[in-house]
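First up is the structure itself, then whatever we jot down about it.
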Amino acid sequence: AQSVTQLDSQVPVFEEAPVELRCNYSSSVSVYLFWYVQYPNQGLQLLLKYLSGSTLVESINGFEAEFNKSQTSFHLRKPSVHISDTAEYFCAVRGAGSYQLTFGKGTKLSVIP
Amino acid sequence: DAGVIQSPRHEVTEMGQEVTLRCKPISGHDYLFWYRQTMMRGLELLIYFNNNVPIDDSGMPEDRFSAKMPNASFSTLKIQPSEPRDSAVYFCASRPGTANYGYTFGSGTRLTVV
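The listed protein sequences correspond, in order, to chains A and B. The opening residue of the first sequence carries number 1 in the working numbering; numbering runs sequentially from there. The opening residue of the second sequence carries number 114 in the working numbering; numbering runs sequentially from there.
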C-alpha cells in the first residue's frame, strides 16, 4: 500500500514570490507520482507527473517537481507565482502494477496581491 | 471530447432519501473511479471499475452505498438511505488502460443531506 503526506495544509505567498509545496510518500514498491490542481468548484486537473527517466518534471505553466527517491519526496515548486495559481494542490502516488491513485490531503495555495 | 461528465452538479436531499449520482466517462477509457472529498478526510477512493467490472470496492463506507456500471459509457453511485454525514463532493474519474496516463476527473457532484 502507498501513502502520501502533504505537510502544509495552507500556504500563503505574495505574488511573484517563489513557492514550494511539500509532498512525501511511502511505498514498498516503485511508484509513479502526480500533482493535481483543483480550482474552486472544479474537479482535479493533472498538473504534472513522474513516471520514469528524468527526475525533474515540468508543467506548461511554470511549475516543476523533482522526484527524490532517497528522501521519498516529490516537492512542487514555482519560482514566481501569479494570482491565478491560487488553488488547492494534491500530490498523488500510484504503485507499480496498481491502477489506484492515493492522494494526499491537499495544500491550499493562496497568492496575495 | 467533452471530458468526464457528472450529474447533477448539486444535490440537496433529506435524510433517508435515496440519492443517485451519475457519471459518463471519456469514450475509450477502460477504468472508472468514484472518489469522495470531504474537509476531514480529503479524497477517498470508494470503488473502481475496469471494463465495467467492479475491481475494488473496499472504500465503499457502508452497505448504504452501491455502484454500478451497466455499460462502458455510464456509471451510477447510489446512496440509500442517505445520512447527513454523506454530505461531500463526489468525483468520478476515468483513464485509459495505458499506464502512462493520469486520471481525468469530472467536475463533481456536491451532495448535501439535511
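From the three backbone atoms N, C-alpha and C, an ideal C-beta is built for every residue, glycine too.
message: Here's the rule I'm using: 16 or more other beta-carbon atoms within 10 Å means buried, otherwise exposed. How should Ser80(A) be labelled?
response: Residue numbering aside, residue 80(A) sits at position 80 when the first sequence is read from its first letter. The C-beta of Ser80(A) has fewer than 16 other C-beta atoms within 10 Å across all chains shown, which makes the residue exposed.
- prompt: In chain B, what lies closer than 7 Å to Leu56(A) by C-beta?
  reply: For the purposes of this step, residue 56(A) is identified with residue 56 of the first sequence, where counting begins at 1. For Leu56(A), no chain B residue has a C-beta closer than 7 Å to its own C-beta; the minimum C-beta separation is roughly 18 Å.
message: Taking its Cβ as the centre, do 16 or more other Cβ atoms sit within 10 Å of Thr151(B), making it buried, or is it exposed?
response: For this step, residue 151(B) is matched to residue 38 along the second sequence. Counting Cβ neighbours within 10 Å, Thr151(B) comes out exposed, since fewer than 16 surround it.
task: With 8 Å as the threshold, decide whether the Cβ of Ser120(B) is near any Cβ in chain A.
output: Taking the second sequence and counting its residues from 1, one reaches residue 120(B) at position 7. Under the 8 Å criterion on CB atoms, Ser120(B) is classed as non-interfacial with respect to chain A.
- prompt: To which residues does DSSP link Ser207(B) through a beta bridge?
  reply: Indexing the second sequence from 1 puts residue 207(B) at position 94. Answer is Leu145(B), Thr217(B), bridged to Ser207(B).
message: Would Phe162(B) pass as an interface residue toward chain A - the criterion being a Cβ-Cβ separation below 8 Å?
response: To locate residue 162(B), count along the second sequence from 1; it is residue 49. By the rule that beta-carbons nearer than 8 Å mark a contact, Phe162(B) does not touch chain A.
Enclosing beta strand (DSSP E) for Cys91(A) [first to last residue]: Translated into the one-based positions of the first sequence, residue 91(A) becomes position 91. Run containing Cys91(A): 87-95, per the beta strand (DSSP E) assignment.
query: Counting pairs of Cβ atoms below 8 Å between the region 161-174 of chain B and the region 101-111 of chain A, do you hit three or more?
result: Contact between the region 161-174 of chain B and the region 101-111 of chain A is absent: fewer than 3 CB-CB pairs across the two stretches fall below 8 Å.
query: For Ser84(A), which of helix, strand or coil comes out of DSSP?
result: The residue you call residue 84(A) lines up with position 84 of the first sequence. Under the three-state reduction of DSSP output, Ser84(A) falls in the helix class.
- prompt: In three-state terms, what does DSSP make of Arg22(A)?
  reply: Within the first sequence, residue 22(A) is the residue found at index 22, counting from 1. Here DSSP, grouped into helix, strand and coil, assigns Arg22(A) to coil.
message: Looking at the strands, I want to know which residues DSSP matches up with Ala201(B).
response: Here residue 201(B) refers to the residue found at position 88 when the second sequence is read from its first residue. Secondary-structure assignment with DSSP links Ala201(B) through a beta bridge to Leu224(B).
task: Buried or exposed for Glu127(B), please, with buried defined as at least 16 other CB atoms from any protein chain shown within 10 angstroms of its CB.
output: Position 14 of the second sequence, counting from 1, holds the residue named residue 127(B). Counting the other Cβ atoms within 10 Å of the Cβ of Glu127(B) gives fewer than 16, which makes it exposed.
query: Quick one: does Phe90(A) have its CB under 8 Å from some CB of chain B?
result: For the purposes of this step, residue 90(A) is taken as residue 90 along the first sequence, with counting starting at 1. Taking 8 Å as the threshold, the shortest C-beta distance from Phe90(A) to chain B falls below it.
query: So who's on the other strand from Gly155(B), going by DSSP bridges?
result: The sequence position of residue 155(B) within the second sequence is 42, counting from 1. The partner list for Gly155(B) (beta bridge, DSSP) reads Thr151(B).
Bounding residues of the beta strand (DSSP E) (the contiguous stretch that carries Ile60(A)): Against the first sequence, residue 60(A) aligns to sequence position 60. From DSSP, Ile60(A) is part of no beta strand (DSSP E); its letter is neither H nor E.
message: As a quick exercise: from Ser27(A), Leu21(A), Gln45(A), pick the residue whose alpha carbon is nearest that of Ser98(A).
response: By 1-based counting over the first sequence, the position of residue 98(A) is 98. When only C-alpha atoms are compared, the closest one is Ser27(A).
task: Kindly list, in the order they appear in chain A, the residues whose Cβ is closer than 7 Å to that of Gly141(B).
output: The residue labelled residue 141(B) in the question sits at position 28 within the second sequence. One finds nothing in chain A with a Cβ atom closer than 7 Å to the Cβ of Gly141(B); even the nearest lies about 16 Å away.
query: Along chain B, which residues have their Cβ under 8 Å away from the Cβ of Gly53(A)?
result: Here residue 53(A) is taken as the residue at index 53 of the first sequence, counted from 1. Those do not exist, as Gly53(A) stays about 11 Å from chain B at its closest Cβ, beyond 8 Å.
- prompt: Which chain B residues sit within Cβ distance under 7 Å of Phe74(A)?
  reply: Counting from 1 along the first sequence, the entry for residue 74(A) is found at position 74. Correct list: empty, because the minimum Cβ distance to chain B is about 14 Å.
query: For Ser28(A), which three-state DSSP category applies?
result: In the first sequence, the residue the question calls residue 28(A) occupies position 28. Note: Ser28(A) maps to coil in three-state DSSP.
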